[in-house]
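Novice: Take 1 as the starting number for the sequence shown in this note's numbering and just add one per residue. Every residue gets a Cβ at the ideal spot worked out from N, C-alpha and C, and that includes glycine.
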Amino acid sequence: MVATAPLTRGFNCANCGAAVELRALQHTRAVACTSCAAIIDPRDPTVFVLQTAAARERITPVIPLGTRGTWDGQPCEVVGFQRRSIEVDDTRYGWDEYVLFNPYRGFRYLSEYEGHWNDIRTVRELPRLESSGKRTKISYRGESYAHFQGATARTDFVLGEFPWRVRTGDEVRTADYIAPPQMLSSESTDDETTWSIGRYTEAAEIWKAFSLQGEPRSASGVFANQPSPYGKRLKRSAAVFALLAGLLALFVVVRLVSADRERVLSERYVWRPGAGEPAFVTAPFALREPGTVEIALGASVQNAWLGVDLALINVDSGTAWNVSREVSFYTGRDSDGAWTEGSRSSRVLLPAVPAGQYYLRVEPEGPTTSPQVPYTIQVRRDVPSLLPYGIAILLLLVPPVANLLRMASFEHRRLQESDHSA
Numbered sequence: 001m002v003a004t005a006p007l008t009r010g011f012n013c014a015n016c017g018a019a020v021e022l023r024a025l026q027h028t029r030a031v032a033c034t035s036c037a038a039i040i041d042p043r044d045p046t047v048f049v050l051q052t053a054a055a056r057e058r059i060t061p062v063i064p065l066g067t068r069g070t071w072d073g074q075p076c077e078v079v080g081f082q083r084r085s086i087e088v089d090d091t092r093y094g095w096d097e098y099v100l101f102n103p104y105r106g107f108r109y110l111s112e113y114e115g116h117w118n119d120i121r122t123v124r125e126l127p128r129l130e131s132s133g134k135r136t137k138i139s140y141r142g143e144s145y146a147h148f149q150g151a152t153a154r155t156d157f158v159l160g161e162f163p164w165r166v167r168t169g170d171e172v173r174t175a176d177y178i179a180p181p182q183m184l185s186s187e188s189t190d191d192e193t194t195w196s197i198g199r200y201t202e203a204a205e206i207w208k209a210f211s212l213q214g215e216p217r218s219a220s221g222v223f224a225n226q227p228s229p230y231g232k233r234l235k236r237s238a239a240v241f242a243l244l245a246g247l248l249a250l251f252v253v254v255r256l257v258s259a260d261r262e263r264v265l266s267e268r269y270v271w272r273p274g275a276g277e278p279a280f281v282t283a284p285f286a287l288r289e290p291g292t293v294e295i296a297l298g299a300s301v302q303n304a305w306l307g308v309d310l311a312l313i314n315v316d317s318g319t320a321w322n323v324s325r326e327v328s329f330y331t332g333r334d335s336d337g338a339w340t341e342g343s344r345s346s347r348v349l350l351p352a353v354p355a356g357q358y359y360l361r362v363e364p365e366g367p368t369t370s371p372q373v374p375y376t377i378q379v380r381r382d383v384p385s386l387l388p389y390g391i392a393i394l395l396l397l398v399p400p401v402a403n404l405l406r407m408a409s410f411e412h413r414r415l416q417e418s419d420h421s422a
């Protein structure tokens with residue numbers, strides 16, 4: 001039996017002779033030389049080379065190995081780096097992973113893809129299958145995660161120390177499940193399955209934690225577990241809408257209750273076909289205060305119609321508000337039974353009419369073959385109109401609806417990157 005030598009703080013690479021320093025010591029299962037990228041087993045007494053580096057482009061980590069910082073309230077050091085990739089529709093997509101080490105808390109990981117970062121740690125508690133329909137869902141610690149993507153991940157490049165025997169070319173089957181900003185991921189081989197949970201993290205947090213120089217790379221596109229920036233905006237705009245709509249509703253109730261609805265004119269007339277000039281004017285009436293004026297027309301028509309051109313005219317200024325109203329009512333019977341169509345009444349609201357003396361000019365019109373038709377005209381002042389409040393509600397809806405549409409677009413873009421895109 002070959003004895004295993006105790007780990008030391010470092011040794012010389014058996015492939016190129018460069019010095020290799022160990023930071024995680026007994027926790028390290030493989031280390032990639034930072035000089036030649038050969039992968040070495042630090043526990044072998046001969047410092048055995050597990051894999052030599054193939055001729056390929058060297059990758060420089062954004063966070064240099066040996067960088068120390070405080071992450072999640074604990075001191076840690078970056079001890080390893082790997083580039084991994086998956087193939088989708090004949091195109092390879094690569095991302096970077098950093099191995100963080102704390103001697104008391106072990107390992108955790110940072111991943112970066114197109115400027116999107118995740119803080120990752122392995123978990124021992126297994127998620128529970130929630131549903132296995134068109135889009136599988138799993139449950140972990142009371143939260144539901146929806147399947148996002150499955151693929152085969154390949155290790156393309158490694159540097160530094162790893163708590164497992166890493167090799168370039170290693171492949172694992174992956175499955176990602178999301179509940180933004182969280183993501184549960186599984187990595188499976190024929191021998192085992194490992195679960196990890198990632199939390200979407202802003203690059204600025206990482207730059208601050210590790211005192212990195214320069215500015216982080218701008219994030220491109222929408223990442224799997226990237227939280228929607230419109231979620232909070234939608235909640236805020238919906239809360240503001242609810243508050244203002246509630247106040248508006250209260251104002252409407254007060255307005256409806258307090259409105260005078262004073263009747264200033266109520267007259268009954270008869271339309272007689274062929275009776276000469278039909279136009280006439282009413283007696284003057286007073287509008288004591290400015291506001292909305294309602295003119296209502298009612299007629300006892302039966303299988304007939306009656307139209308009336310009306311003008312509300314100010315006695316002193318001659319200013320006129322011209323409107324036309326028509327009423328019609330028809331009845332009959334067919335194979336489906338009795339039917340009716342139309343209405344015997346009609347009204348119009350004139351907003352912001354100044355106070356003063358007014359009269360109506362009335363010009364009725366109807367079919368010449370119809371019998372005489374009795375009709376009434378009523379004028380009321382201070383009649384509340386719901387139209388302005390309806391317009392106000394629509395305007396108040398603009399921010400939440402806009403945020404809802406933006407959020408839907410964001411989620412659509414997210415889904416386009418998944419196995420479940422339309």
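Which ranges would you report for the alpha helix (DSSP H) in the region 179-217 if only whole runs of at least 4 residues count?
Specialist: Taking only runs of at least 4 residues, the alpha helix (DSSP H) segments lying wholly in the region 179-217 are 203-209.
Novice: Express the C-alpha separation of Val373 and Gly356 in angstroms, rounding to a whole number.
Specialist: Those two C-alpha atoms are separated by around 32 Å.
Novice: Which two residues bound the contiguous beta strand (DSSP E) that contains Gly356?
Specialist: Counting along the chain, the beta strand (DSSP E) containing Gly356 begins and ends at 356-365.
Novice: Does the beta-carbon distance from Ser211 to Gly69 come in below 8 Å?
Specialist: Yes; because the gap between Cβ atoms is below 8 Å, this pair is in contact.
Novice: Using 8 Å as the threshold, is the C-beta distance between Glu363 and Ala279 below it?
Specialist: Going by C-beta atoms, Glu363 is nearer than 8 Å to Ala279.
Novice: Which residues bound the beta strand (DSSP E) around Glu277?
Specialist: It is not in any beta strand (DSSP E) - Glu277 carries neither H nor E in the DSSP assignment.
Novice: Note down, one range per segment and in chain order, each beta strand (DSSP E) of at least 3 residues found wholly within the region 51-90.
Specialist: Counting only runs of 3 or more, we get 68-71, 74-88.
Novice: Sorted by chain position, which residues of the same chain lie with C-beta nearer than 6 Å to Leu349's C-beta, five sequence neighbours on each side aside?
Specialist: Answer for Leu349: Thr292, Glu294, Ser385, listed in chain order.
Novice: Do Val78 and Ile63 have their C-beta atoms closer together than 8 Å?
Specialist: Yes, Cβ-Cβ distance for Val78 and Ile63 is below 8 Å.
Novice: Whole angstroms are fine: how far does the CA of Lys235 sit from the CA of Arg255?
Specialist: If I take the Cα positions, the gap works out to 30 Å.
Novice: Consult DSSP for Ala242 and reduce its assignment to one of helix, strand or coil.
Specialist: The answer is helix: DSSP assigns Ala242 an H, G or I state.
Novice: In this structure, how does DSSP classify Glu289 when only helix, strand and coil are distinguished?
Specialist: Of the three classes helix, strand and coil, the one that applies to Glu289 here is coil, per DSSP.
Novice: Is it buried or exposed for Leu312, if we count other Cβ within 10 angstroms and need 16 for buried?
Specialist: When all chains shown are included, Leu312 counts as buried.
Novice: On the DSSP bridge assignment, give the partners of Ile313 in chain order.
Specialist: Ala320, Tyr359.
Novice: Roughly how many angstroms separate the alpha carbons of Leu397 and Pro284, rounded to a whole number?
Specialist: Distance between the alpha carbons of Leu397 and Pro284: 43 Å.
Novice: What do you get for Trp195, buried or exposed, if any count of 16 or more other CB atoms within 10 angstroms of its CB means buried?
Specialist: Buried, since its Cβ has 16 or more Cβ neighbours within 10 Å.
Novice: Using alpha carbons as the reference points, say which of Val327, Gly142, Ala37, Phe223 lies closest to Trp117.
Specialist: Minimum Cα distance to Trp117 is reached at Phe223.
Novice: In the structure shown, what three-state DSSP assignment does Tyr104 receive?
Specialist: Coil, per DSSP.
Novice: Is Thr168 near Asp156, with beta carbons less than 8 Å apart?
Specialist: In this structure, Asp156 lies closer than 8 Å to Thr168 by Cβ.
Novice: Where DSSP assigns a beta bridge to Leu350, which residues make up the other side?
Specialist: Per DSSP, Val293.
Novice: Taking the beta strand (DSSP E) that Arg268 falls in, what are its first and last residues?
Specialist: Element bounds for Arg268: 262-271.
Novice: With a CB to CB cut of under 8 Å and the five nearest residues on each side skipped, what residues in its chain are close to Ser85?
Specialist: These residues qualify, in order along the chain: Arg92, Tyr93, Gly94, Trp95, Ala153, Arg154, Asp156.
Novice: For Asn303, is the classification buried or exposed, using 16 other Cβ atoms within 10 angstroms of its Cβ as the cut-off for buried?
Specialist: It is exposed - the Cβ of Asn303 has fewer than 16 other Cβ atoms within 10 Å.
Novice: For Pro45, which of helix, strand or coil comes out of DSSP?
Specialist: Residue placement at Pro45 cannot be trusted, given a pLDDT of 38 that sits under 50; the coordinates are not used to answer.
Novice: Can you look up Glu149 in the DSSP assignment and give me helix, strand or coil?
Specialist: Reading off the sequence, residue 149 comes out as Gln, not Glu. Strand, per DSSP.
Novice: Is it the case that the Cβ atoms of Trp271 and Tyr375 are separated by a distance below 8 Å?
Specialist: Yes.
Novice: Count the other C-beta atoms from every protein chain shown that fall within 10 angstroms of the C-beta of Pro42, then say buried if there are 16 or more, exposed otherwise.
Specialist: By the neighbour-count rule (16 or more Cβ atoms within 10 Å), Pro42 is buried.
Novice: Could you name the residues of the same chain whose beta carbon sits closer than 8 Å to that of Thr368, not counting the 5 residues immediately before and after it, in chain order?
Specialist: Pro273, Gly274.
Novice: Thinking C-beta only, is Arg344 closer than 8 Å to Val327?
Specialist: In this structure, Arg344 lies closer than 8 Å to Val327 by Cβ.
Novice: Since Pro388 is in the alpha helix (DSSP H), which residue starts that stretch and which ends it?
Specialist: 387-416 is the span of the alpha helix (DSSP H), which, as asked, contains Pro388.
Novice: Would you mind sorting Phe251 into buried or exposed? The rule is 16 or more other CB atoms within 10 Å of its CB.
Specialist: Per the 10 Å Cβ criterion, exposed.
Novice: What residues in its chain sit with their C-beta under 6 Å from that of Ala296, if we drop five residues either side in the sequence?
Specialist: Hits under 6 Å: Arg347, Gln378.
Novice: In this structure, does DSSP put Phe223 in helix, strand or coil?
Specialist: Phe223 falls in the coil class under three-state DSSP.
Novice: So, is Gln416 buried or exposed, given that buried needs 16 or more other C-beta atoms within 10 angstroms?
Specialist: Per the 10 Å Cβ criterion, exposed.
Novice: Relative to the alpha-carbon of Ala249, which residue among Tyr104, Asp72, Leu387, Gly80 has its alpha-carbon at the smallest distance?
Specialist: The option with the nearest alpha carbon to Ala249 is Leu387.
Novice: So, is Asp119 buried or exposed, given that buried needs 16 or more other C-beta atoms within 10 angstroms?
Specialist: Buried, by the Cβ-count rule.
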